[in-house]
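*Asks:* In terms of full-length UniProt numbering, the sequence shown has 218 at position 218, counting the first letter as 1, and numbering is strictly consecutive. Here a beta-carbon is modelled for each residue, glycine too, at the ideal position from N, C-alpha and C.
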Amino acid sequence: MTQVSLDRQFSFRETPRYPTTFRVWQRRTKTGCLTCRSRKKKCDETKPWCGACRRSGISCIWLQYKQPDALQTRPRNEALTLPNDNNRLFYIKACNLTNLSSLLLQHYTSGTAVILPAGKPSLNPFISFVLPPAETDDVLMHSVLAVSGAHLSFRLQDAVDVEMAARKHYVFAIRGVQQVVTGDQVKDKSDILRLLLVTSFLSQYETLMNTPKTALHHHLKAIHYLFLHLLRLGYRPPLELQEFDMILSFTYERFIFLASCNTTQSIDTTDLTIFVH
Numbered sequence: 001m002t003q004v005s006l007d008r009q010f011s012f013r014e015t016p017r018y019p020t021t022f023r024v025w026q027r028r029t030k031t032g033c034l035t036c037r038s039r040k041k042k043c044d045e046t047k048p049w050c051g052a053c054r055r056s057g058i059s060c061i062w063l064q065y066k067q068p069d070a071l072q073t074r075p076r077n078e079a080l081t082l083p084n085d086n087n088r089l090f091y092i093k094a095c096n097l098t099n100l101s102s103l104l105l106q107h108y109t110s111g112t113a114v115i116l117p118a119g120k121p122s123l124n125p126f127i128s129f130v131l132p133p134a135e136t137d138d139v140l141m142h143s144v145l146a147v148s149g150a151h152l153s154f155r156l157q158d159a160v161d162v163e164m165a166a167r168k169h170y171v172f173a174i175r176g177v178q179q180v181v182t183g184d185q186v187k188d189k190s191d192i193l194r195l196l197l198v199t200s201f202l203s204q205y206e207t208l209m210n211t212p213k214t215a216l217h218h219h220l221k222a223i224h225y226l227f228l229h230l231l232r233l234g235y236r237p238p239l240e241l242q243e244f245d246m247i248l249s250f251t252y253e254r255f256i257f258l259a260s261c262n263t264t265q266s267i268d269t270t271d272l273t274i275f276v277h
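1. Might you give, ordered along the chain, the residues of its own chain that have their beta carbon closer than 8 angstroms to the beta carbon of Ser189, omitting 5 neighbours on each side?
2. Span of the alpha helix (DSSP H) holding Pro132?
3. Measure the Cβ-Cβ separation of Thr61 and Leu103 and say whether it is below 7 angstroms.
4. Does the Cβ-Cβ distance between residue 279 and Gln106 come in under 7 angstroms?
5. Near Gly32, which residues of its chain fall below 6 angstroms by C-beta distance, leaving aside the five closest residues on each side in sequence?
6. Between the segment 245-257 and the segment 205-212, are three or more C-beta pairs nearer than 8 angstroms?
7. Going by DSSP, what residue range makes up the alpha helix (DSSP H) through Val162?
8. Are Leu193 and Leu131 closer than 7 angstroms when you measure CB to CB?
9. Do Asn262 and Leu197 come within 7 angstroms of each other at the CB atom, strictly closer than that value?
10. Does the beta-carbon of Glu206 have 16 or more other beta-carbons within 10 angstroms, so that it is buried, or is it exposed?
11. How far does the alpha helix (DSSP H) with Leu145 in it extend, from its first residue to its last?
12. Can you tell me whether Ile247 is helix, strand or coil according to DSSP?
13. According to DSSP, is Leu103 part of a helix, a strand, or is it coil?
14. If you draw a straight line from the C-alpha of Gly119 to the C-alpha of Pro125, how long is it?
15. Comparing alpha-carbon positions, which option in Leu140, Gly149, Val144 lies nearest Asp191?
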């Protein structure tokens, strides 16, 4: 085979196929509903319920900008509209705190919980270990929605309401933890596990929102104390892990990761090596 024929063959293989069908190219909108923007889906901008949300049977949430006043140079106040005839993911009171709470829960399951694990585990612990107890625990659900809101507000820089909703859920989670601690509601290891889950999500929120390091450090120290308290109660990880032990191991891994990456004041974790499998 001559060099000329080789060149022709190589050139033929590298040439893209001529398209037999054509479709109109459309720029992905940045003005669609918040739900499509958070899911990175194309929105046809049909109000009050766009086609993508209608097909998926999920909440379609819009930002509706108010007209600026005479003394206002840009629209800082934003109102949200939510259709009445769609499937909402409201489980408990925490999901009804704001009219964005359902969106935050959807975003957690489809976005935040997907990127938080290291790699792509076959069983996502941020869903399988967190959402079932959160469905019956307002405090835990508040902390989950706070983390989801922090993540979504970073992706939607112009959605001030998302950031405000995340802060509200964070405050309610903090209040819930305070009530549990001051009300002497920590009786057994299941109560400790609940506090560990909530506090680890509070620490995750503080990391995403770049809150003052003192709050993050105090919460990480609290997690460290709770693990030590479990050991004082006689807990030892069994050889065959049950659901409680797996959730506890998941929380411990999150604690070690956050403590290693975010604290300016070191936290000695050598006294917790028993939790390492």
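*Replies:* Taking the structure as given:
1. Here residue 189 corresponds to residue number 189 of the sequence shown, with the count starting at 1. It should be pointed out that residue 189 corresponds to Lys in this sequence rather than to Ser. The residues are Leu230, Leu233, Tyr235, Phe244.
2. For the purposes of this step, residue 132 is identified with residue 132 of the sequence shown, where counting begins at 1. Run containing Pro132: 131-134, per the alpha helix (DSSP H) assignment.
3. Working through the sequence shown from its first residue, we reach residue 61 at position 61. Working through the sequence shown from its first residue, we reach residue 103 at position 103. In the sequence as displayed, the identity of residue 61 is Ile instead of Thr. Against a cut-off of 7 angstroms, the Cβ pair of Leu103 and Ile61 comes out as a contact.
4. Since the first and last residues shown for the chain are 1 and 277, residue 279 lies out of range.
5. Position 32 of the sequence shown, counted from the first residue, corresponds to residue 32. For Gly32, where only same-chain residues beyond five positions count, the Cβ hits under 6 angstroms are Cys43, Glu45.
6. no
7. Looking up residue 162 in the sequence shown gives position 162. Where Val162 is concerned, the enclosing alpha helix (DSSP H) stretches over 160-182.
8. Here residue 193 refers to the residue found at position 193 when the sequence shown is read from its first residue. Here residue 131 refers to the residue found at position 131 when the sequence shown is read from its first residue. Cβ atoms of Leu193 and Leu131: not closer than 7 angstroms.
9. Counting from 1 along the sequence shown, the entry for residue 197 is found at position 197. Counting from 1 along the sequence shown, the entry for residue 262 is found at position 262. In this structure, Asn262 does not lie closer than 7 angstroms to Leu197 by Cβ.
10. To locate residue 206, count along the sequence shown from 1; it is residue 206. By the Cβ neighbour-count rule, Glu206 is buried, with 16 or more other Cβ atoms within 10 Å of its own.
11. In the sequence shown, counting from the first residue as 1, residue 145 sits at position 145. Where Leu145 is concerned, the enclosing alpha helix (DSSP H) stretches over 138-155.
12. Counting from one through the sequence shown, the residue named residue 247 turns up at place 247. Ile247: helix per DSSP, three-state reduction.
13. For this step, residue 103 is matched to residue 103 along the sequence shown. Correct three-state label for Leu103: helix.
14. For the purposes of this step, residue 119 is taken as residue 119 along the sequence shown, with counting starting at 1. For the purposes of this step, residue 125 is taken as residue 125 along the sequence shown, with counting starting at 1. The straight-line gap from Cα to Cα measures roughly 12 angstroms.
15. Position 191 of the sequence shown, counted from the start, is the residue given in the question as residue 191. Here the closest residue by C-alpha is Leu140.
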